[in-house]
Amino acid sequence: MTRRRIVRVLTRITSLACVLVLALAACTGNGDDVAVEDPELEGDAGAGAEDDLPDPEEAEGAATETDAETDAATEPETDVAQGDAGGETLQAVQDRGSVVCGVNDAVPGFGFTDEGGEFSGFDIEFCRVIAAAVLGDAEAVEFRPLTAEQRFTALQSGEIDVLVRNTTWTSSRDGGEGAQFATTTFYDGQGMMVRSDSEFEAIEDMQNTAICVLSGTTTELNLTSRFAAGGIEYEPVPFEDNETLQQAFEQERCDGWTSDKSQLAGVRSAFPEGPEALRILDETFSKEPLGPAVREGEADWFDAVNWAVIATIEAEEFEIDSTNVQDNLSSDNPDILRFLGQPGAEDDAVFDAGLGLDAEFAVNVIEQVGNYAEIYDRNVGPDTGLGLERGVNALWTEGGLMYAPPYR
Numbered sequence: 098m099t100r101r102r103i104v105r106v107l108t109r110i111t112s113l114a115c116v117l118v119l120a121l122a123a124c125t126g127n128g129d130d131v132a133v134e135d136p137e138l139e140g141d142a143g144a145g146a147e148d149d150l151p152d153p154e155e156a157e158g159a160a161t162e163t164d165a166e167t168d169a170a171t172e173p174e175t176d177v178a179q180g181d182a183g184g185e186t187l188q189a190v191q192d193r194g195s196v197v198c199g200v201n202d203a204v205p206g207f208g209f210t211d212e213g214g215e216f217s218g219f220d221i222e223f224c225r226v227i228a229a230a231v232l233g234d235a236e237a238v239e240f241r242p243l244t245a246e247q248r249f250t251a252l253q254s255g256e257i258d259v260l261v262r263n264t265t266w267t268s269s270r271d272g273g274e275g276a277q278f279a280t281t282t283f284y285d286g287q288g289m290m291v292r293s294d295s296e297f298e299a300i301e302d303m304q305n306t307a308i309c310v311l312s313g314t315t316t317e318l319n320l321t322s323r324f325a326a327g328g329i330e331y332e333p334v335p336f337e338d339n340e341t342l343q344q345a346f347e348q349e350r351c352d353g354w355t356s357d358k359s360q361l362a363g364v365r366s367a368f369p370e371g372p373e374a375l376r377i378l379d380e381t382f383s384k385e386p387l388g389p390a391v392r393e394g395e396a397d398w399f400d401a402v403n404w405a406v407i408a409t410i411e412a413e414e415f416e417i418d419s420t421n422v423q424d425n426l427s428s429d430n431p432d433i434l435r436f437l438g439q440p441g442a443e444d445d446a447v448f449d450a451g452l453g454l455d456a457e458f459a460v461n462v463i464e465q466v467g468n469y470a471e472i473y474d475r476n477v478g479p480d481t482g483l484g485l486e487r488g489v490n491a492l493w494t495e496g497g498l499m500y501a502p503p504y505r
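For the sequence shown, this note's numbering begins at 98 and goes up steadily by one.
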């Protein structure tokens with residue numbers, strides 16, 4: 098029985114004892130002699146009640162049925178798998194030997210299957226970052242493709258361990274969806290894509306148009322807000338997945354396609370008619386911080402996922418990448434030695450941050466996957482089909498938002 102229940106039982110019994118004492122006093126004297134008026138008798142009543150109280154073990158049996166009924170009526174139900182609610186996902190992943198990662202499989206550059214049927218992209222690589230940090234093996238990942246509407250149900254139910262699927266961190270998702278977001282991996286914003294031969298140059302030009310949008314997303318909500326604010330009449334054409342949405346756009350059922358600009362760039366790069374057939378309008382009309390999400394209440398697992406991501410940023414700050422990480426194991430910089438799990442930083446001892454990870458987890462991440470710059474450039478950077486400059490995703494030292502808290 099919990100301490101709360103025991104206190105509840107003791108309180109009920111104490112109250113009953115006080116009532117009995119008052120009743121006996123009323124039967125043996127007049128109203129002027131009621132025991133509660135007498136400090137000495139008041140003390141005796143308290144002592145007597147305390148002497149007669151059952152111990153907590155006896156009280157537990159006496160109140161089980163009532164407490165069960167009360168708790169059933171007041172305690173919320175949860176769909177989270179047993180064990181996960183107690184913060185045991187980190188141990189479960191380590192015991193299983195793989196990370197189940199919820200992903201997108203239809204966004205070029207971020208999450209898609211290549212010609213060989215292999216998962217590829219920026220988000221996919223961060224699934225591998227997590228596996229490298231937690232298990233020492235970047236390939237120990239089971240990718241679980243999910244639609245936008247499926248993703249939070251899959252996370253809450255325990256079907257996946259972590260969601261890395263171009264998902265925006267918002268207050269309602271942090272609170273109402275039971276998700277906890279780790280460090281942002283990509284700062285994005287919503288835009289509008291149209292055909293190059295269309296007359297649309299700005300959002301204000303899109304009066305009385307049809308707009309393709311994914312349902313169950315912040316994109317859908319932002320579209321409503323932006324067009325309402327501009328007094329623009331439009332017809333939303335919602336779809337559950339990118340594949341059917343793109344088919345509709347290719348068939349010209351929509352005048353515009355709205356999504357995060359990074360996703361629009363990915364679609365444009367692989368468009369069947371060629372990227373030159375599409376234009377992305379200049380305006381960015383939302384903030385979209387994208388990153389991994391885990392279940393609320395998973396402190397150990399959250400820390401592991403969070404610091405796995407941070408390790409890629411910290412590595413870039415230290416100018417450590419997959420080609421020189423081994424050389425840095427004998428660095429003269431104590432901060433680098435600490436970060437890479439080497440002795441010499443603190444009295445020649447290996448630093449332990451208490452994250453439940455191997456001391457060399459950052460080495461595994463960098464060597465097997467890379468630092469943040471390597472991941473970015475390989476998947477979405479200027480030399481890829483997306484051709485995205487770093488912009489706000491540059492390090493803070495370069496005017497961007499990427500910043501690693503101290504590892505010490």
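Quick reminder that beta carbons are idealized off the backbone N, C-alpha and C, glycines included. It should be emphasised that the depicted structure is a prediction, and the values quoted were computed from it without experimental measurement.
Inset, instruction - Starting from the C-beta of G441, find all residues in its chain whose C-beta is less than 8 angstroms away, skip the five residues before and the five after it, and write them out in chain order. - result: Residue mapping note: residue 441 aligns to position 344 of the sequence shown, counting from 1. Result list for G441: P431, L434, in chain order.
Legend entry - Burial state of G496, where buried means 16 or more other Cβ atoms lie within 10 Å: Here residue 496 is taken as the residue at index 399 of the sequence shown, counted from 1. With fewer than 16 Cβ atoms within 10 Å of its Cβ, G496 is classed as exposed.
Inset, instruction - Measure the Cβ-Cβ separation of I511 and I417 and say whether it is below 8 angstroms. - result: Because the chain here runs from 98 to 505, residue 511 falls outside it and cannot be looked at.
Legend entry - Endpoints, the alpha helix (DSSP H) within which Q343 is located: Translated into positions along the sequence shown, residue 343 becomes position 246. Note, Q343: alpha helix (DSSP H), 339-347.
Inset, instruction - Determine, using beta carbons only, whether A203 and D338 come nearer to each other than 8 angstroms. - result: Translated into the one-based positions of the sequence shown, residue 203 becomes position 106. Translated into the one-based positions of the sequence shown, residue 338 becomes position 241. Taking the C-beta atoms as reference points, D338 is found nearer than 8 angstroms to A203.
Legend entry - Limits of the beta strand (DSSP E) - the one that Y331 falls within: Here residue 331 is taken as the residue at index 234 of the sequence shown, counted from 1. Note, Y331: beta strand (DSSP E), 331-336.
Legend entry - Bounding residues of the alpha helix (DSSP H) (the contiguous stretch that carries Q287): As a working mapping, residue 287 is identified with position 190 in the sequence shown. From DSSP, Q287 is part of no alpha helix (DSSP H) but of the beta strand (DSSP E) over 287-292.
Legend entry - S322 burial status per 10 Å Cβ neighbour count (16 or more: buried): On the sequence shown, residue 322 is found 225 positions in, with the first residue counted as 1. Label assigned to S322: exposed.
Inset, instruction - Would you tell me roughly how many angstroms separate the C-alpha atoms of A456 and T264, rounded to the nearest one? - result: The residue given as residue 456 occupies position 359 in the sequence shown. The residue given as residue 264 occupies position 167 in the sequence shown. About 30 angstroms.
Legend entry - Option in E349, S295, T315 with minimal Cα separation from R376: On the sequence shown, position 279 is the one that residue 376 refers to. It is S295 whose Cα lies nearest to the Cα of R376.
Legend entry - Own chain, CB closer than 7 angstroms to E222, minus 5 neighbours either side, in chain order: As a position in the sequence shown, residue 222 is number 125, starting the count at 1. Around E222: V466, I472, N476.
Legend entry - Contact set for A470: own chain, Cβ-Cβ below 7 angstroms, skip 5 residues either direction: In the sequence shown, the residue the question calls residue 470 occupies position 373. Only E413 meet the Cβ criterion.
Inset, instruction - Please go through the same chain and pick out, in chain order, the residues whose beta-carbon is closer than 6 angstroms to the beta-carbon of F382, but skip the five residues on each side of it. - result: The count along the sequence shown starts at 1 and reaches residue 382 at position 285. These residues qualify, in order along the chain: Q287, R323.
Legend entry - Whole-angstrom distance between F346 and Q304, CA atom to CA atom: As a position in the sequence shown, residue 304 is number 207, starting the count at 1. As a position in the sequence shown, residue 346 is number 249, starting the count at 1. Just so you know, the alpha carbons of Q304 and F346 end up roughly 18 angstroms apart.
Inset, instruction - Can you grab the Cα-Cα spacing for the pair I407 / V334, in whole Å? - result: What you label residue 407 is simply residue 310 of the sequence shown in a count that begins at 1. What you label residue 334 is simply residue 237 of the sequence shown in a count that begins at 1. I407 and V334: Cα-Cα distance of roughly 38 angstroms.
Legend entry - CB of V364 within 8 angstroms of CB of P205, strictly: The sequence position of residue 364 within the sequence shown is 267, counting from 1. The sequence position of residue 205 within the sequence shown is 108, counting from 1. Cβ atoms of V364 and P205: closer than 8 angstroms.
Legend entry - Which of helix, strand or coil DSSP assigns to T381: By one-based count along the sequence shown, residue 381 stands at place 284. Of the three classes helix, strand and coil, the one that applies to T381 here is coil, per DSSP.
Legend entry - Best match in A229, D285, G199, E349 for proximity to M499 [C-alpha to C-alpha]: Locating residue 499 in the sequence shown gives position 402, counting from the first residue. Nearest C-alpha to M499: D285.
Inset, instruction - With a 10 Å radius around its C-beta and 16 neighbouring C-beta atoms as the bar for buried, classify G488 as buried or exposed. - result: As a working mapping, residue 488 is identified with position 391 in the sequence shown. With fewer than 16 Cβ atoms within 10 Å of its Cβ, G488 is classed as exposed.
Inset, instruction - Give the DSSP-derived three-state secondary structure of L434 in the structure shown. - result: Walking along the sequence shown from the start, residue 434 turns up at place 337. Here L434 sits in helix by DSSP.
Legend entry - Rounded separation between G478 and D429 - CA only: Along the sequence shown, read from residue 1 onward, the residue named residue 478 stands at position 381. Along the sequence shown, read from residue 1 onward, the residue named residue 429 stands at position 332. Here the C-alpha atom of G478 lies approximately 32 angstroms from the C-alpha atom of D429.
Legend entry - Coarse secondary structure for P136, derived from DSSP in three states: The count along the sequence shown starts at 1 and reaches residue 136 at position 39. Low confidence applies to P136: its pLDDT is 39, below 50, so where it sits in the model is not reliable enough to give any reading.
Inset, instruction - Would you be able to state if there are at least three C-beta pairs under 8 angstroms between the stretch 242-259 and the stretch 187-203? - result: Under the three-pair Cβ rule at 8 angstroms, the stretch 187-203 counts as touching the stretch 242-259.
Legend entry - Through-space distance from I300 to G328, alpha-carbon basis: In the sequence shown, the residue the question calls residue 328 occupies position 231. In the sequence shown, the residue the question calls residue 300 occupies position 203. Looking at the two C-alpha atoms, the distance is approximately 11 angstroms.
Legend entry - Nearest residue (CA-CA) to Q439, options G451, L452, G453, Q423: What you label residue 439 is simply residue 342 of the sequence shown in a count that begins at 1. With distances taken between Cα atoms, Q439 lies closest to Q423.
Legend entry - Best match in N319, D352, V310, S359 for proximity to F336 [C-alpha to C-alpha]: As a position in the sequence shown, residue 336 is number 239, starting the count at 1. Per the Cα distances, V310.
Inset, instruction - Check whether the Cβ atoms of G194 and L232 sit closer than 8 angstroms, and answer yes or no. - result: Locating residue 194 in the sequence shown gives position 97, counting from the first residue. Locating residue 232 in the sequence shown gives position 135, counting from the first residue. In this structure, G194 sits near L232, with a CB-CB distance shorter than 8 angstroms.
Legend entry - Integer Cβ distance of M290 from L361, believed to fall under 8 angstroms: Counting from 1 along the sequence shown, the entry for residue 290 is found at position 193. Counting from 1 along the sequence shown, the entry for residue 361 is found at position 264. With a contact defined as Cβ atoms closer than 8 angstroms, M290 and L361 qualify at about 4 angstroms.
Legend entry - Where W266 falls, given that 16 or more other Cβ within 10 Å makes a residue buried: Numbered from its first residue, the sequence shown carries residue 266 at position 169. Here W266 is buried: its Cβ has 16 or more other Cβ atoms, across all protein chains shown, within 10 Å.
Legend entry - Own chain partners of V391 with C-beta closer than 8 angstroms, once the 5 adjacent residues on each side are dropped: Position 294 of the sequence shown holds residue 391. Cβ neighbours of V391 beyond the five flanking positions: T186, L252, D258, V259, L260, A276, Q277, A279, W398, F399, V402.
Inset, instruction - Have a look at the DSSP bridge pairing and note the partners of V238. - result: Stepping through the sequence shown from its first residue, residue 238 is reached at position 141. Per the DSSP secondary-structure output, V238 pairs in a beta bridge with V196.
Legend entry - For A178, three-class secondary structure by DSSP: Your numbering for residue 178 matches position 81 in the sequence shown. Below a pLDDT of 50, predicted positions are generally treated as unreliable, and A178, at 39, falls in that range; no measurement from the model is reported.
Legend entry - Sub-8 angstroms separation of A374 and S293 beta-carbons: Taking the first residue of the sequence shown as 1, we reach residue 374 at position 277. Taking the first residue of the sequence shown as 1, we reach residue 293 at position 196. For A374 and S293, yes; Cβs fall inside 8 angstroms.
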